[in-house]
Amino acid sequence: MPSLRATAPLPGKTRYRRRLEFEVMDISVRVKPGSTKGPLVEPGDGGFTVFLQQRAVDGKANAALLEILAAHFGVAKSRVSLVRGHRSRLKIVRIDAG
Numbered sequence: 007m008p009s010l011r012a013t014a015p016l017p018g019k020t021r022y023r024r025r026l027e028f029e030v031m032d033i034s035v036r037v038k039p040g041s042t043k044g045p046l047v048e049p050g051d052g053g054f055t056v057f058l059q060q061r062a063v064d065g066k067a068n069a070a071l072l073e074i075l076a077a078h079f080g081v082a083k084s085r086v087s088l089v090r091g092h093r094s095r096l097k098i099v100r101i102d103a104g
């Protein structure tokens with residue numbers, strides 16, 4: 007599990023940034039597009055569940071998924087890629103922290 011460290015951009019407000027302890031990680035993700043709960047990332051059994059507001063039309067849900075996971079793990083969007091499951095709700099996503 008990534009450790010958390012506090013950073014204080016403004017006085018009185020504390021933000022937590024994940025400090026990643028791996029180089030490359032493949033994670034299993036279950037996507038729920040068109041959700042009113044989204045955007046939300048929930049850890050689950052053996053992977054993550056990601057709720058997206060975007061519908062699964064023209065790759066919009068996949069693009070939103072990569073953006074949300076990049077923000078969640080604190081890496082650049084270019085470091086997150088979809089390995090498997092381009093047209094499925096079950097996906098394998100690679101996160102490169104190095």
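With positions in the sequence shown counted from 1, the corresponding number in our numbering is that position plus 6.
Cβ coordinates follow ideal geometry from the N, Cα and C atoms, glycine included.
- Excluding the 5 residues flanking it on each side, Val-47 has same chain C-beta neighbours closer than 6 Å at Phe-54, Val-56 and His-78, in chain order.
- Given a length threshold of 3 residues, each whole run of the beta strand (DSSP E) inside the segment 14-88 is given here in chain order: 19-25, 30-38, 46-50 and 53-57.
- About 6 Å separates the beta carbon of Ser-34 from that of Gly-52, a gap short enough to meet the 8 Å contact definition.
- Taking the Cα positions, Val-81 is about 15 Å away from Leu-88.
- Judged by DSSP secondary structure, Arg-95 falls outside any beta strand (DSSP E); it is assigned neither H nor E.
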